[in-house]
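S.K.: Just so you know, we're using the working numbering here: the sequence shown kicks off at 269 and counts up by one.
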Amino acid sequence: MGLTVGYIGLGKAGASMASNLPRAGFKLIVRDADPERERAFADANPNTTVASAGPDGFKDVDVLVTMLPQGRVVREVILGDHGIASHLKKGTIIIDTSSSSPFDTRSLGTDLESRDLVLIDSPVTQAHLHDTDTGDATLMVGCNDQTSFDRALPVLQAMAKYVFHMGKLGAGHAMKTLNNYISAASIVALSDALVTGQKFGLDPVQMIDVLNVGTGRNFSTTDSYQSDALPRKYASGFQLALLIKDVGIAKSVFEHEGFETEMPGLVNRYFQEAMGILKPDADHTELLKMWERRAGLELKTGQPCGDTAAAVKK
């Protein structure tokens, strides 16, 4: 395709998404805080090299993708004391796929614009983060002009099945944080229901099967709680700390827009309490342990059918 793409951040999600780019024909230059991870990725993927040391390692890229823990880190990598911005070509498009505050993103975009660099926010949502190497992810994009969006689109489409242009810069990160807030709120409601249901005498495994063919169906019932929480696998691939970060960002969006509602603060308080109980690297599905502890019970363990197999047939 003629474009050279830089990619910074080869963690679980980053490496999976980045691997789609050389398969789509892009020349890829990568960097990660872990040198061994860099080398392993470059060895495993064609048309891929590790960026040279120093801030000029991406001087030849047309598009730069970042997948980093938070917006503060993105700013430091690009504009910090050893930032790469001054070594990028004029007009380089920077696609931030991290989960960041939309307000921080807008601020960074303004600073980069003065350097003739274009920032696009394009966070990812995906049922299984470990499946993003299949290109089945969804990207929510914020971009200030159609020309820049069109230039970035081939790279975005190589990494995702669905690409939504949500609006101006920051709109992608706003959509991502609200998406994860809804997911977090549904976890709270589901955990309440499972604990209360078992206290009443219901089977929580069967409850999941019923919810999945009823109006209570949501991502937690169809996936994370069905596949990871109730079977006690706790291997969804998404850490609780990351979800808490997203809930905190969502709370700030509600506050910034002046919409007074109690739910964001309530969800945030529950999750902060969980962090005081669980390990720092706990999978987010381990939240169920906190509800069990509060209720003084242990939910029945099992693998929901995932369909209507347990229903009485006509």
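Just so it is clear, CB atoms sit at the ideal spot from N, CA and C, and this is done for glycine as well. For clarity, every value in this text was computed on a predicted model and none was experimentally measured.
Out of A281, K327, E523 and G438, point me to the one whose CA is closest to F309's CA.
M.R.: As a working mapping, residue 309 is identified with position 41 in the sequence shown. Considering only alpha carbons, the answer is A281.
S.K.: Taking only heavy atoms of the ligand COA into account, decide whether any of them is closer than 8 Å to the Cβ of S520.
M.R.: The model on display carries no ligand, and the ligand COA is accordingly not part of it.
S.K.: Can you give me the Cβ contacts of R343 inside the same chain, cut-off strictly under 6 Å, excluding the 5 residues immediately before and after it?
M.R.: Here the question's residue 343 lines up with position 75 in the sequence shown. Excluding positions up to five away in sequence, the list reads L376.
S.K.: DSSP has T272 in a bridge; who is on the other side?
M.R.: Working through the sequence shown from its first residue, we reach residue 272 at position 4. Answer is K295, bridged to T272.
S.K.: Just tell me which of K513, I455, Q338 and G570 has its CA closest to the CA of D477.
M.R.: Along the sequence shown, read from residue 1 onward, the residue named residue 477 stands at position 209. When each option's Cα is compared against that of D477, the closest is G570.
S.K.: Pick helix, strand or coil for Y430, following the three-state DSSP scheme.
M.R.: Locating residue 430 in the sequence shown gives position 162, where the first residue counts as 1. Note: Y430 maps to strand in three-state DSSP.
S.K.: Return the chain-ordered list of same chain residues with a C-beta closer than 7 Å to the C-beta of I517, the five sequence neighbours on each side being excluded.
M.R.: Residue numbering aside, residue 517 sits at position 249 when the sequence shown is read from its first letter. Taken in chain order, the residues that qualify are S369 and T445.
S.K.: How long is the line joining the alpha carbons of A428 and K467, rounded to whole angstroms?
M.R.: Taking the sequence shown and counting its residues from 1, one reaches residue 428 at position 160. Taking the sequence shown and counting its residues from 1, one reaches residue 467 at position 199. About 43 Å.
S.K.: Using the C-alpha atoms, what's the distance from E525 back to L508?
M.R.: Numbered from 1 along the sequence shown, position 240 holds the residue referred to as residue 508. Numbered from 1 along the sequence shown, position 257 holds the residue referred to as residue 525. If you take the alpha carbons of L508 and E525, they lie about 26 Å apart.
S.K.: Could you name each continuous alpha helix (DSSP H) segment of 4 residues or more that falls completely within the stretch 443 to 472, going from the start of the chain to the end?
M.R.: With a minimum length of 4 residues, no continuous alpha helix (DSSP H) run stays inside the stretch 443 to 472.
S.K.: According to DSSP, what are the bridge partners of V386?
M.R.: On the sequence shown, position 118 is the one that residue 386 refers to. V386 pairs with I361.
S.K.: Taking C-alpha atoms, which residue in K547, G465 and F527 lies nearest to Y502?
M.R.: Looking up residue 502 in the sequence shown gives position 234. When each option's Cα is compared against that of Y502, the closest is K547.
S.K.: In chain order, what are the residue ranges of uninterrupted alpha helix (DSSP H) at least 4 long that sit wholly in the stretch 330 to 378?
M.R.: Fully enclosed alpha helix (DSSP H) runs of 4 or longer: 339 to 347.
S.K.: Which residues in the same chain as D330 place their Cβ atom closer than 8 Å to its Cβ, once the five residues preceding and following it in sequence are excluded?
M.R.: By one-based count along the sequence shown, residue 330 stands at place 62. If we look at D330 and ignore the five residues flanking it on each side, its Cβ neighbours are L271, T272, V273, K357, T360 and I361.
S.K.: Skipping 5 residues on each side, what residues in its chain have a beta carbon closer than 7 Å to that of D228?
M.R.: In this structure the chain extends from 269 to 582, so residue 228 is not present and cannot be described.
S.K.: Could you compute how far the alpha carbon of G564 sits from the alpha carbon of F487?
M.R.: What you label residue 564 is simply residue 296 of the sequence shown in a count that begins at 1. What you label residue 487 is simply residue 219 of the sequence shown in a count that begins at 1. For G564 and F487, the distance between alpha carbons rounds to 26 Å.
S.K.: Output the boundary residues of the beta strand (DSSP E) element that contains G410.
M.R.: Taking the sequence shown and counting its residues from 1, one reaches residue 410 at position 142. Start and end: A405 to G410.
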